[in-house]
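In the working numbering, the protein residues as written are 525 to 981. Ideal Cβ positions, reconstructed from N, Cα and C, are used throughout, including at glycine. Heads up: the structure comes next, in structure tokens.
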């Protein structure tokens, strides 16, 4: 479903607040990460975890310096977020947050370096700027925002557009630059990195087809015509990094065959034919590149897009020549869902990046060990668990109460009313009505109106 644009010009949708938001330990919606990053947000020298959440918030989990995290603090960021980037936008040495929305906007939250984020500034960027990335496309040293606007029509791709928001140098952004999006059935992942050593970010886009698109930047926020690069299946996850140690960015591309394609960069924006790394992960939806075992070679971690293998992460240790050792699998936790967010960063100051993975409304931390393996997961909540409000209309009261309790809600006030339609003890209506969107916090009270049976004459 595509959503109508409110105006054609780029304007700020929300306030221009520069003061940090008031800290809120929990509030509804502060859960289910759609993007993760590891960065020192409070200036204490220990990396923290930033969780950009699907609905209405980002969460900061402060690192203790030993790989453990403190209780999450949520900051409001209205919108339905489908992706995120965590990067320093205003040259203050602290990573800020960029959220890509379903609803016609990109949100920017500037961090103050003391563990706070300012109120979100929302920039219009088309109909639905779902897929996005951050990179310096005009070579001025300030990271810019690049997104694919999925357009008004969910079926047709004729109105899809490439959107660029140029950074003014202080973390604010100008009017969007629109261009026709590369032809594809479904834009999936986006990267904005310099592929041809000209100091300006280019764009790589994976697709729902057996190719990816490469767009070389002109340096003014516009791009050359897309070049297509063949992959061995519908491309999904994407990581751009030097995989063979030659100083040029290569591409690791997950695809629906369950494997990862390695495309070695030539240095001019072109790539050698794809080579496969076999991992049998049923679609590597999320890819992260880092040197996990501290041997000087780039490694990969991949999370799946498949219900059958949820709750695992695959690690491929690099040999330094673009090939990898046999895949290692690690458990991240139950109730992880599919297509989980994934990040890497050294949380315990041992020089080895650890793994952070989304598991439901929490994140799991897997510490990198000296032998190249990872520890068992430690789980930290990013927000309150949701309460699943069942629709218990026409249930008998005992069954209705049980369903409400099973959903993590509480049975509140029960109102007894006569009804011609329902026999005694059946639920006539309820509040909340059931399957509410977004889900309320766990423990929400559900009021029931229960029939006394037909009114006596």
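Under DSSP, residue 973 shares a beta bridge with 939 and 953.
Straight across, the Cα-Cα distance linking residue 940 with residue 577 is about 40 Å. If you check the CB distance, residue 966 and residue 909 come in under 7 Å.
Per the Cβ contact rule, the stretch 715-732 is in contact with the stretch 790-810 (3 or more Cβ pairs under 8 Å). At a Cβ-Cβ threshold of 7 Å, residue 770 and residue 777 do not count as neighbours. For residue 947 and residue 907, the gap between their C-alpha atoms comes out near 41 Å. The criterion of a C-beta distance shorter than 7 Å is not satisfied by residue 798 and residue 810. Counting of Cβ neighbours within 10 angstroms places residue 975 among the buried residues, the total reaching 16 or more.
Residue 954 and residue 981 do not touch by the CB rule: their CB atoms are close to 28 Å apart, not below 8 Å. Closest in alpha carbon position to residue 714, among 949, 764 and 570, is 764. Residue 809: member of the beta strand (DSSP E) spanning 808-814, first to last residue. For residue 741, the beta-bridge partners assigned by DSSP are 747. Between the alpha carbons of residue 592 and residue 695 lies a gap of roughly 31 Å. Around the beta-carbon of residue 820, fewer than 16 other beta-carbon atoms lie within 10 Å, marking it exposed.
The secondary-structure analysis by DSSP pairs residue 753 across a beta bridge with 736. For residue 666, the closest of 619, 800, 556 and 783 by C-alpha to C-alpha distance is 619. Taking residue 888 as the centre and dropping the five residues before and after it, the same chain places the C-beta of 856, 857, 881, 901 and 903 closer than 6 Å to its C-beta, in chain order.
In this structure, residue 736 lies away from residue 747, with their beta-carbon atoms at least 7 Å apart.
With fewer than 16 other beta carbons inside 10 angstroms of its own, residue 704 counts as exposed. Closest option to residue 891, judged by alpha-carbon separation, among 760, 837, 905 and 885: 837. Remark: C-beta atoms of residue 587 and residue 571 approach each other more closely than 7 Å. Per DSSP, residue 626 lies in no alpha helix (DSSP H) and is assigned neither H nor E. The beta carbon of residue 848 is closer than 6 Å to those of 801, 840 and 842 in its chain, skipping five residues each way along the sequence. Counting the other CB atoms within 10 Å of its CB gives residue 922 a total below 16, which places it among the exposed residues.
Counting only residues of its own chain and dropping the five nearest sequence neighbours on each side, residue 558 has a CB closer than 7 Å to the CB of 576, 577, 578, 605, 606, 607, 608 and 865.
Here DSSP, grouped into helix, strand and coil, assigns residue 873 to coil. Inclusion of residue 717 and residue 659 in the CB contact set at 7 Å is warranted, their separation being smaller than that value.
The three-state secondary structure of residue 669, taken from DSSP, is strand. Membership of residue 852 in any alpha helix (DSSP H) is not indicated; the residue belongs instead to the beta strand (DSSP E) covering 852-855. The C-beta distance from residue 629 to residue 600 rounds to 15 Å, too long to meet the 8 Å contact threshold. From the listed residues 885, 562, 636 and 646, the smallest Cα separation to residue 602 is found for 646. Going by C-alpha positions, residue 760 is about 25 Å away from residue 580.
Collapsing the DSSP output to three states places residue 925 in a helix.
Of 561, 822 and 789, the smallest CA-CA separation from residue 720 is found for 789. The beta carbon of residue 924 sits closer than 6 Å to the beta carbons of 916 and 951 from its chain, once the five residues preceding and following it are set aside; these are given in chain order. Residue 575: member of the beta strand (DSSP E) spanning 572-577, first to last residue.
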